[in-house]
Amino acid sequence: MAGAVRALAVIPARMASTRLPGKPLLLIEGRTIVQWVHDATASSGVFDRVVVATDDERIAEAVDAFGGESLMTSSDVTTGSERVAEAAAAIGDRFDVVANVQGDQPFVSAGDLRALIAPFTADPQPEMTTLAAPLDASLADDPSAVKVVTDLQGRALYFSRSRIPAQHPGSPELVPLRHHLGLYAFRWDFLPVFATLPPTPLEQMEQLEQLRALEHGYAVHVGAAEKSTIEVNTADDYERAVAASRRSFP
Numbered sequence: 001m002a003g004a005v006r007a008l009a010v011i012p013a014r015m016a017s018t019r020l021p022g023k024p025l026l027l028i029e030g031r032t033i034v035q036w037v038h039d040a041t042a043s044s045g046v047f048d049r050v051v052v053a054t055d056d057e058r059i060a061e062a063v064d065a066f067g068g069e070s071l072m073t074s075s076d077v078t079t080g081s082e083r084v085a086e087a088a089a090a091i092g093d094r095f096d097v098v099a100n101v102q103g104d105q106p107f108v109s110a111g112d113l114r115a116l117i118a119p120f121t122a123d124p125q126p127e128m129t130t131l132a133a134p135l136d137a138s139l140a141d142d143p144s145a146v147k148v149v150t151d152l153q154g155r156a157l158y159f160s161r162s163r164i165p166a167q168h169p170g171s172p173e174l175v176p177l178r179h180h181l182g183l184y185a186f187r188w189d190f191l192p193v194f195a196t197l198p199p200t201p202l203e204q205m206e207q208l209e210q211l212r213a214l215e216h217g218y219a220v221h222v223g224a225a226e227k228s229t230i231e232v233n234t235a236d237d238y239e240r241a242v243a244a245s246r247r248s249f250p
């Protein structure tokens with residue numbers, strides 16, 4: 001890749017999603033969702049290597065069939081980033097940065113992936129980065145759309161499935177709602193630390209793995225995404241993704 005860091009992208013993919021089982025192999029315009037994510041990531045020019053990490057042979061076979069690289073990981077991990085850490089440790093090559101490009105992001109853009117990695121070219125490097133975009137007003141109260149608020153330096157203060165920040169009646173609207181996108185990047189030496197941190201109360205309540213970093217006192221840098229994209233978490237999201245693909249690729 002161009003730039004001063006070597007970057008690995010790991011796409012965690014599993015069949016046992018509680019809200020939409022089997023989603024990595026659902027089709028959008030003839031390609032599986034996992035292939036959409038892989039192709040967008042591999043063609044971005046941001047990464048030196050792209051791997052799909054899974055615990056299901058069906059996903060591994062599908063990835064191998066379209067020419068991607070798959071890696072089998074344990075079925076015991078509880079978060080996508082834990083699966084990413086396991087895959088990175090098994091690869092046997094050292095990178096500067098490891099990205100978790102979640103397997104429910106079929107429309108992830110090269111610009112967003114560049115924004116995710118860009119902070120690692122600075123000194124000092126952050127421990128962890130993610131992205132957020134302006135939130136569509138229709139998703140403000142949708143728990144599938146995760147919101148984020150940051151401090152004045154762009155470090156995450158909190159992530160939530162609820163509407164944050166709340167506006168007190170009569171107060172000025174100074175902070176827009178922001179949609180957190182399921183993309184993370186970790187400094188190489190921080191990823192195994194993060195993966196071994198004990199789960200935390202807020203993480204378990206909200207079911208948001210990034211809260212684990214905040215609760216243990218680590219900073220998460222939140223960059224600006226180009227725009228909010230469809231994340232396929234539910235059947236309704238899948239229908240929206242199919243419709244969007246038909247508009248974009250008639």
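So in full-length UniProt numbering, the last one in the sequence shown is 250, and the numbering has no gaps at all. Even for Gly, the Cβ is constructed at its ideal location relative to N, Cα and C.
Secondary structure of residue i, DSSP reduced to three states
i: P12; result: strand
i: L214; result: helix
i: A110; result: helix
i: K147; result: strand
i: I91; result: helix
i: L135; result: coil
i: T130; result: strand
i: M1; result: Confidence at M1 is low in this model, with a pLDDT of 41, below 50, so the placement of that residue should be treated as unreliable; the coordinate-derived value is given next. Of the three classes helix, strand and coil, the one that applies to M1 here is coil, per DSSP.
Alpha-carbon spacing of residue i relative to residue j, whole angstroms
i: G45; j: E206; result: 34 Å
i: A42; j: T196; result: 28 Å
i: G182; j: A62; result: 23 Å
i: G154; j: V222; result: 6 Å
i: I33; j: V101; result: 13 Å
i: R31; j: P169; result: 47 Å
i: V149; j: R19; result: 26 Å
i: P172; j: A166; result: 11 Å
i: R163; j: E203; result: 17 Å
CB contact flag (residue i, residue j, <9 Å)
i: F186; j: A99; result: yes
i: I28; j: V242; result: yes
i: D56; j: V77; result: no
i: A87; j: L71; result: yes
i: V52; j: A60; result: yes
CB contact check: residue i to chain D, cutoff 9 Å
i: Q210; result: The displayed structure is made up of one protein chain only, and chain D is not part of it.
Practice task
Would you be able to state if there are at least three C-beta pairs under 8 Å between the stretch 130-145 and the stretch 230-245?
Solution key: yes
Exercise for the section: Answer yes if the stretch 105-118 comes into contact with the stretch 30-42, meaning at least three C-beta pairs across the two stretches below 8 Å, and no otherwise. Expected result: yes
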